[in-house]
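Q: I have a structure here, written as structure tokens, and I will follow up with some questions on it.
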Amino acid sequence: MDSLSKTTEATIRLAHADDQFIMASIAARANFDDDLFGKIMHPYREQYPEDMYIYWLRKFRKAWHNPYNLFLVSTVQHNGSELITGMAQWSRRGEHFNEYQALLKECLEPALPANRAADPEMENLIERSGSYLPDVWTGDRFECWRLNGLAIDPVHQGNRHGTALVRYGLDLAAKENIAASVISAAKKEVAEGFYAKLGFKGIGIRAVDGEGNPLSGIEGGQIMFKDKQ
């Protein structure tokens, strides 16, 4: 075990724009063998492992200027310097978020190199599945903090850095007395284990279900909520 993996306690802070590359690289490493983000979207990742980060960097840059998106990083001190170990994207959902999101759709795509690790036909699977997503963010769940992304560098997984990043958003929801939600990319038993321990409950609906859904057959997609108290 190297010295990095022995470091456990993390500090959570707001991400800066110049953290985007590191955040995207961590997301790529964390999702390298994931069914959706790895095997399906990036079938050429073994040949071009250094390109996989481009997918997340593009997503982060497009979402960065929506003021209702909140990007966080977990950090530790290593040899006297800050080391980023993980990232999370939370979104404050509701009427105003939707307005900004509509405006951002008109923004130009960030200028980035071609992602040679990706299958161009599969890169936008999540966007194409949006119309199949059930409308469960209604009533007391319309206003909520939603966890859109969570990734921990494999070197630091198991040190509760992911838990700390999730708790940050849960604390925001609790202060506003609104719900929190997540669509888990993990298998059901993993989702129910990790997120259930943090107070989330599944609602028996998956984001990958529905006839014609391009995500059909993919593991995960559990829609979970921690409702307001």
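Under full-length UniProt numbering, the first residue of the sequence shown carries the number 1, and numbering increases by one thereafter. Glycine included, every Cβ here is placed at the ideal spot set by N, Cα and C. As the structure is a computational prediction, the values presented were derived from the model and not from experiment.
Look at the alpha carbon of residue 134 and the alpha carbon of residue 21, and state the distance between them as a whole number of angstroms.
A: If I take the Cα positions, the gap works out to 33 Å.
Q: Where do the N-terminal and C-terminal ends of the alpha helix (DSSP H) with residue 169 fall, by residue?
A: 161-176
Q: Residue 128 by DSSP, collapsed to three states: which one?
A: helix
Q: Assign residue 193 to one of three DSSP states: helix, strand, or coil.
A: Assigned with DSSP and collapsed to three states, residue 193 falls in helix.
Q: So for residue 27, helix, strand or coil by DSSP?
A: helix
Q: What are the boundary residues of the beta strand (DSSP E) that includes residue 58?
A: No beta strand (DSSP E) contains residue 58, which is instead part of the alpha helix (DSSP H) from 53-63.
Q: Report the rounded CA-to-CA distance for residue 204 versus residue 130, giving the unit in angstroms.
A: 18 Å
Q: Less than 8 Å between the CB atoms is what I'm expecting for residue 168 and residue 72, so what's the real figure, rounded?
A: 6 Å
Q: For residue 32, write down the residues that DSSP places opposite it in a beta bridge.
A: Note: residue 32 sits in no beta bridge, so no partner.
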